[in-house]
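Reviewing the structure listed below.
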Amino acid sequence: MAGTLEGIRVIDFGQYMAGPMAAMLLGDHGADVVRVDPPGGPRWDTPANATWNRNKRSIVLDLKTDADRETARQLVASADVVIENFRPGVMDRLGLGAEAMTAINPRLVYCSLPGFGSDDPRSQVRAWEGVVGAATGAYRASHTTQGRPVYTVIPYGSAYAAFLCAVSVAMALNARARSGLGQRVEMPLFDATFSVVGARGLLVDGKPEQEPAFNWSRQLPCKDAPWFMYVANNKKFEAFIRSIGMDQWREAKLPPQQLAQKFDEIMRTRTAKEWEDIVAQIGSEGVICHTSAEWLQHPQALQSQIIAEYDDPQLGRFRGPGINTRLSVTPGSVRNPRPKLDAHRAQILQDLRRSTPAAAPAAGEELRAAMQGVKVVDLCIVLAGPTCGRTLAEFGADVIKIDSPHTRTVLRHNDINRAKRSILIDLKTKEGLEIFWKLVEQADVVLQNFRGGVAEKLGIGYEQVRARRPDIVYGSMNTFGHIGPYAMRPGHEQIGQAVSGMQVRYGSAKPATAPFAANDYGTGLMACYGVALALLHRRRTGQGQFVDSALAYTATMLQSALLQGHEGKQWNEPHGQEALGSGPLDRLYQANDGWLFLAARGDELTQCPALADLAGRRGADLERALEERLRTRTVAAWVEALTQAGIGAHRVAPDLVDLMTDPLVQARGLAITRDHEGFGPITTTAPGVRMSRTPVTVGRPAPRPGSDAASVLAEIGMAGELGRLVREGVIAVDGVKAGC
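Here our numbering is used: the first residue of the sequence shown is 1086, the next is one more, and so on.
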């Protein structure tokens, strides 16, 4: 079947990662992506271009020349979508900026992905990934580094800007289908990273949530070399710890250190594979902590096709990331490999000569939000699924969040259930199911992230819902996807990290949990992208479909800069808790009052008077010299000097409290403090997407669980039934706590 975006033309000016990945996500679902490269090819010559530039056509244009700028202008004038990730002002100076091009082509969706936003005082800072990572707390110290920041090669800023760009473009195309008009979208990498900070940055009355004295979810040593990741946040936790005798030590109230020692001793009695099989049989959560190289060979990765084999004109045959978001009727696909540079020049220019100027848009609806009028029933728990619902709500959907009245606490409620309405329904009762079906009758979208088979047992699986509502868009998120040997296994964020290599990369000899819940939030965003595509398809055809995304899919895409398995591949990227960067000119350095990240290219040190004498040095000699020199001044002094010299630099945010209370962050609306019932002031992250016609909004604070029962029931003709339903235990209006 054709992809949802067939017939949509995208002009991809992106360089490095964010822009090319965003355009790839659109191309994977059928868009005709025209990649514009400068003479000499992409600015970053990396094997990852084999992934990011698949499903594209190639033309080389020198935007410094009048003729090629005119060609670029004509391409944009005839396009549906533009993606660029230059610093603010660059495209304007070329005559290709959003204001000029949307005036020529009012149907154009123009998406900019700068490092820092156009209204950010740092807009002209050279925002390499390391600079953005330093600014957003991605390199903060871990438990084991005694205040020293830890570099990670996972590019959270670039990846999340790409995810959010794809979501925003799909939303803007939905809005255009109704209003006839395109719009400008800006998604700075700095702002995008707050979507992955998420609940880790939440502050209650200005303070972060306290860590538990002992965390049962942990990496554990085994009889053989591999480590094992066990996660306790599931119903089978008690069965597992009883089966291994750990319950007696818990009940003996051993101090945390001794309890950890006992746990380690027990786990060393078997191999990691034996433990994985035991945990799977019990139905609890645990996997071997694999390397990324092992993930490329893993049966689940291959059978779910999140890792597949491809041909590439440069790499030859290689294994790499597959399709992230899956749709049942209009599935994504890798149709074509990365093209050779300028391979489609003649074809693209011929298409341009045949094209006609964009028609004036027909009068359409006036929209306040892209998802205005869309109704969503959200059955999801914890992070990934509720993030999909929350994102739809931020884009204007009316989202009804259903939780069980038998739940003690709605975990992460104040983070992921803002902008929604809340009702507590016992779906295991006959009348509870009847209420669900009445809500579905009015809904456009149903979301769930139950383990495989649970929704079907409740009678609310996709086929069961589809039988009543053939046009429903049904989103499902889980850990491993819906096919493959691990498809029925439960899991949380840590499981996705462990199985795919993220934990080994961050911890090295002893795996460590990465600094953000990136798989959870990313899976929610990618499911939201799929839902937006499915709604666009439904608008054209009246046909609903099944959408799925998974933590393991997102973990693969987050590592797409590294996951190309080909002849001669070397797994030599920076890793472990000692990592400070990728080289002398791209790493963390200590000043005399804190840490900063320096990102320079070539001989750029010559442009900074305070460092110019070091420009001739190389390798370890340069690294030592920079370490000594940078300790002589404050962070602020060095950042100012380096920025004035045109070199990328930024202070390292030492922790997430520092980030969330930063006056600039708060002024930009990326961290907001509001009163929450029962808690007082809570600070949460807020969406960073800027859309010119259909603005994204943070929505109201998360309501007290169950507090919207009356209004929800009234909409389905049951306004007078609330009291009876509460008495009969079908609905609850209190008794369930809101978790932070």
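Where is the CB? At the ideal position from N, CA and C, for every residue including glycine.
Bear in mind that the values here come from a model prediction, so they are computed numbers and not experimental data.
Would you report the Cα separation of residue i and residue j, rounded to the nearest angstrom?
| i | j | result |
| --- | --- | --- |
| R1172 | S1197 | 9 angstroms |
| P1341 | T1356 | 24 angstroms |
| S1163 | L1434 | 12 angstroms |
| L1146 | S1208 | 26 angstroms |
| A1635 | L1620 | 20 angstroms |
| G1174 | S1203 | 8 angstroms |
| A1081 | M1352 | Residue 1081 lies beyond the range of the chain shown here (1086 to 1825); nothing can be said about it. |
| D1605 | A1284 | 11 angstroms |
| V1724 | E1350 | 48 angstroms |
| Q1457 | F1480 | 8 angstroms |
| L1111 | A1251 | 7 angstroms |
| A1447 | E1091 | 21 angstroms |
| R1233 | H1383 | 34 angstroms |
| G1576 | G1104 | 31 angstroms |
| Q1343 | A1695 | 51 angstroms |
| V1316 | M1102 | 32 angstroms |
| H1651 | R1402 | 7 angstroms |
| P1206 | Q1729 | 13 angstroms |
| W1334 | G1581 | 29 angstroms |
| I1557 | W1213 | 42 angstroms |
| A1708 | A1697 | According to the sequence displayed, residue 1708 carries Glu and not Ala. If I take the Cα positions, the gap works out to 14 angstroms. |
| W1312 | R1686 | 38 angstroms |
| A1640 | L1305 | 21 angstroms |
| R1158 | A1752 | 35 angstroms |
| S1585 | V1282 | 20 angstroms |
| G1394 | L1387 | Here residue 1394 is Glu; the residue named in the question, Gly, does not match the sequence. The straight-line gap from Cα to Cα measures roughly 9 angstroms. |
| A1219 | A1226 | 11 angstroms |
| K1321 | S1369 | 5 angstroms |
| T1441 | S1264 | 21 angstroms |
| R1714 | Q1675 | 10 angstroms |
Kindly list the residues whose CB is nearer than 7 angstroms to the CB of residue i, restricted to its own chain and excluding five residues on each side of it in sequence; keep chain order.
| i | result |
| --- | --- |
| A1277 | G1242, Y1245, A1246, L1249, G1773 |
| Q1295 | none |
| D1793 | R1506, S1507, I1508 |
| L1160 | I1096, V1119, L1437 |
| L1179 | L1148, R1154 |
When the distance is taken between beta carbons, is residue j closer than 7 angstroms to residue i?
| i | j | result |
| --- | --- | --- |
| V1217 | L1274 | yes |
| G1286 | L1749 | no |
| D1151 | R1094 | no |
| D1396 | A1135 | no |
| V1119 | R1139 | no |
| A1255 | L1532 | no |
| G1609 | A1469 | yes |
| Q1385 | F1565 | yes |
| I1392 | L1381 | yes |
| R1778 | Q1268 | yes |
| N1499 | I1732 | no |
| V1815 | E1516 | yes |
| L1524 | V1462 | yes |
If I measure Cβ to Cβ from residue i and keep anything under 8 angstroms in the same chain, skipping five residues before and after, which residues do I get?
| i | result |
| --- | --- |
| E1806 | L1798 |
| D1743 | G1222 |
| A1827 | There is simply no residue 1827 to check, as the chain begins at 1086 and stops at 1825 in what is shown. |
Closer than 6 angstroms by C-beta to residue i: which residues in its own chain qualify, once you throw out the five before and the five after it? Chain order, please.
| i | result |
| --- | --- |
| R1453 | none |
| T1415 | M1086, G1088, T1089, H1622 |
| L1098 | This sequence places Phe at residue 1098; Leu is not what is there. Cβ neighbours of F1098 beyond the five flanking positions: V1121, E1169. |
| Q1390 | G1407 |
| L1665 | Y1236, R1672, L1673 |
| K1822 | T1494 |
| I1239 | L1643 |
| N1409 | M1611, Y1638, M1642 |
| S1667 | P1659 |
Using a Cβ-Cβ cut-off of 7 angstroms, state whether residue i counts as contacting chain B.
| i | result |
| --- | --- |
| A1378 | The structure shown contains no chain B; it is built from a single protein chain. |
Checklist entry - Should the stretch 1704 to 1722 be regarded as contacting the stretch 1666 to 1683, the criterion being three or more beta carbon pairs within less than 8 angstroms? => result In short, these stretches touch, since the Cβ pair count reaches three.
Item to check | the stretch 1365 to 1385 in contact with the stretch 1582 to 1595 per 3-pair CB rule at 8 angstroms | outcome: Touching, per the Cβ criterion.
Item to check | Cβ contact check for the stretch 1526 to 1538 and the stretch 1637 to 1654: 3 or more pairs under 8 angstroms | outcome: Segments in contact, no.
Checklist entry - Are there three or more Cβ pairs, one per stretch, closer than 8 angstroms when the stretch 1540 to 1558 is compared with the stretch 1481 to 1494? => result Inter-segment contact for the stretch 1540 to 1558 and the stretch 1481 to 1494 is absent: fewer than three beta-carbon pairs are separated by less than 8 angstroms.
Checklist entry - Are the stretch 1774 to 1788 and the stretch 1502 to 1515 in contact at 8 angstroms, needing three or more beta carbon pairs? => result Output reads yes: the stretch 1502 to 1515 touches the stretch 1774 to 1788.
Item to check | Whole alpha helix (DSSP H) elements within the stretch 1565 to 1599, 4-residue minimum | outcome: Uninterrupted alpha helix (DSSP H) stretches at least 4 residues long and entirely within the stretch 1565 to 1599 occur at 1578 to 1585, 1587 to 1592, given in chain order.
Next on the checklist: Suppose only complete runs of 3+ residues qualify. What are the beta strand (DSSP E) ranges in the stretch 1685 to 1760, listed by chain order?
Outcome noted: Within the stretch 1685 to 1760, the complete beta strand (DSSP E) segments of 3 residues or longer fall at 1733 to 1736, listed in chain order.
Checklist entry - Which ranges does the alpha helix (DSSP H) cover as unbroken runs of at least 4 residues, wholly within the stretch 1320 to 1366, from first to last along the chain? => result The qualifying runs are 1322 to 1328, 1331 to 1336, 1341 to 1352.
Checklist entry - At what residue ranges does the stretch 1238 to 1309 contain a whole run of the alpha helix (DSSP H), taking only runs of 4 or more? => result Here the runs fully enclosed are 1241 to 1264, 1274 to 1277, 1279 to 1282.
Checklist entry - What residue ranges within the stretch 1751 to 1816 form continuous beta strand (DSSP E) runs of no fewer than 3 residues, ordered along the chain? => result The qualifying runs are 1756 to 1761, 1765 to 1770.
Next on the checklist: Runs of 4 residues minimum, wholly inside the stretch 1619 to 1691: which ones carry the alpha helix (DSSP H) assignment?
Outcome noted: Within the stretch 1619 to 1691, the complete alpha helix (DSSP H) runs of at least 4 residues are 1636 to 1643.
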